Structure formats: C-alpha cells, structure tokens
Amino acid sequence: MEEVLQKLPEKAKEKHAENKKFFAKLKKKPPKNLDYIMQELHKAEFERTDCLTCANCCKTTGPLFTNADITRIAKHFRLKPQKFIDTYLKIDEENDYVLQQVPCAFLGANNYCSIYEVRPKACREFPHTDRKKFQQISSLTLKNVAICPAAFNIVEAMKKRIGGV
Ligand code: SF4
Ligand code: SF4
18 MEEVLQKLPE KAKEKHAENK KFFAKLKKKP PKNLDYIMQE LHKAEFERTD CLTCANCCKT
78 TGPLFTNADI TRIAKHFRLK PQKFIDTYLK IDEENDYVLQ QVPCAFLGAN NYCSIYEVRP
138 KACREFPHTD RKKFQQISSL TLKNVAICPA AFNIVEAMKK RIGGV
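So the sequence shown is numbered by the working numbering: it starts at 18 and just counts up by one.
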C-alpha cells in the first residue's frame with residue numbers, strides 16, 4: 018500500500034484532464050442508472066480494499082465536522098462542545114469546522130479510528146463514491162482521486178463502464 022500511496026498523486030495528475038472531461042460529460046448527460054452503477058463499483062472496490070492498510074484520508078485531509086458531529090463526539094469524551102472545538106478544531110476558509118492538524122488526532126495505532134462508533138459523518142461517507150447523483154460532486158472527486166486509491170480505481174472503472182472519454 019505504501020508504494021501505491023506514494024505514486025497516487027502523480028497518477029491522479031496524469032489522469033486529471035481526462036477525468037475532468039469525463040465528469041463534464043457525465044454532468045450534462047448522466048446515465049439513468051448511475052446511482053445503481055456507483056453502488057456496484059463502490060461495493061466491488063471496497064471488497065478489494067482494506068482501509069486499515071491505508072488510512073490516507075485520516076492522515077492527509079480529515080473531515081469537516083457538522084454541529085451534530087461535534088455534539089456527539091464531545092459527549093463521547095464528556096466534554097462541553099466548546100471545549101472539544103477549542104482542543105481539536107479550527108474554522109477553515111469555507112467557514113467549516115475542520116481538524117487543527119493532520120494526521121487526525123483520533124487515528125490510533127494500526128490505523129484504527131479511536132472514535133469509530135461516533136466518528137464524523139464525512140468520515141463514514143468518504144470517499145462518497147456510493148452517494149446518489151454522484152455527478153454532482155465531481156470537483157470533490159477530482160481531488161479525492163489523489164488521496165484515496167479506492168476512489169482512483171472507482172473513477173477508472175466508471176470511465177471503462179460508462180465510456181465517453
Ligand atoms: S477511504 Fe480511501 S483513503 Fe481512506 S483509508 Fe480507505 S482507501 Fe484509504
Ligand atoms: S475521526 Fe477517525 S475516521 Fe475520521 S479522520 Fe479521524 S481517525 Fe479517520
């Protein structure tokens with residue numbers, strides 16, 4: 018996995034123009050069964066991918082925290098939400114709460130998440146490749162393929178399956 022992660026940014030860069038073109042077309046005319054296709058590709062990829070050998074999302078980017086996430090996680094630590102915010106979070110340029118630093122403070126030994134049961138919604142959903150109307154998050158996906166090897170493979174599989182580039 019180490020080698021895959023090392024090569025990923027370069028591979029994503031090489032595919033960037035092609036991916037951008039593909040998503041522009043997809044946005045204009047998404048196949049009727051796109052939600053179904055994405056479920057299938059996502060499931061197949063994550064049957065092959067063991068996130069515990071990777072954790073690159075937790076190490077390099079981290080999630081944004083919604084108010085519901087903050088309330089739930091603060092409660093887990095028996096902290097006041099404001100205390101949790103002051104200890105772990107900051108506000109980014111888009112006015113969202115994000116981690117003060119990466120790797121995530123909750124990433125434990127062997128890539129386990131120490132707050133797995135109460136982790137942020139964005140962590141549960143990352144890399145969002147099984148979400149409905151996937152064409153609507155193409156700019157996010159274009160970034161995620163440089164971070165997440167599974168997202169990279171899913172986009173490659175999409176291009177093969179749907180065609181058009
Ligand atoms: S979601 Fe992607 S980046 Fe995160 S651990 Fe799994 S394969 Fe790695
Ligand atoms: S909260 Fe857990 S899953 Fe989310 S970034 Fe931190 S270690 Fe990873």
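All residues carry an ideal CB built from backbone N, CA and C; glycine is no exception.
Please read these numbers as outputs of a predicted model, since none were measured by experiment.
Query raised in the report: If we call anything under 8 Å between Cβ atoms a contact, is L124 one with L116?
Result: no
Query raised in the report: Which stretch, first to last residue, makes up the alpha helix (DSSP H) that contains I132?
Result: Segment: none, I132 is in no alpha helix (DSSP H) and carries neither H nor E.
Query raised in the report: What separation, rounded to the nearest whole angstrom, lies between the Cα atoms of E31 and L96?
Result: 45 Å
Query raised in the report: Near F101, what residues of its chain come up, given a Cβ to Cβ distance below 8 Å and the 5 sequence neighbours on each side ignored?
Result: I87, I90, A91, F94
Query raised in the report: Leaving out five residues before and five after P166 in sequence, what residues of the same chain have Cβ atoms less than 8 Å from its Cβ?
Result: M18, V21, L22, L25, T66, C71, N73
Query raised in the report: Cβ atoms of K76 and V119: under 8 Å apart, would you say?
Result: yes
Query raised in the report: Who are the Cβ neighbours of L81 in its own chain at under 6 Å, not counting the five residues just before and after it?
Result: Cβ neighbours of L81 beyond the five flanking positions: D113, V115, A139.
Query raised in the report: Is C140 near ligand 2, in the sense that its beta carbon is under 7 Å from a heavy atom of that ligand?
Result: yes
Query - Option in K149, G180, A168 with minimal Cα separation from A29 - result: It is A168 whose Cα lies nearest to the Cα of A29.
Query raised in the report: Taking the beta strand (DSSP E) that K107 falls in, what are its first and last residues?
Result: 106 to 108
Query - Identity of the residue in K176, N161, I179 nearest T78 by Cα - result: N161
Report task. For L69, I'd like the list of residues in its chain whose CB is within less than 8 Å of its CB, leaving aside the five on either flank, ordered along the chain. Result -> N127, N128, Y129
Query raised in the report: Does DSSP put V21 in a helix, a strand or coil?
Result: helix
Query raised in the report: Does the Cβ-Cβ distance between H59 and T146 come in under 8 Å?
Result: yes
Requested in this report: Could you check which residue in A41, C121, A163 has the C-alpha nearest to that of T104?
Outcome: C121
**Report entry** R95 beta carbon near ligand 3 (any heavy atom closer than 7 Å)
**Finding:** Looking at this structure, you won't find ligand 3 anywhere; what it does contain is ligand 1 and ligand 2.
Query raised in the report: Can you pull every residue whose C-beta falls closer than 6 Å to some heavy atom of ligand 2, listed in chain order?
Result: C75, G79, P80, C121, F123, L124, C130, I132, R136, P137, C140
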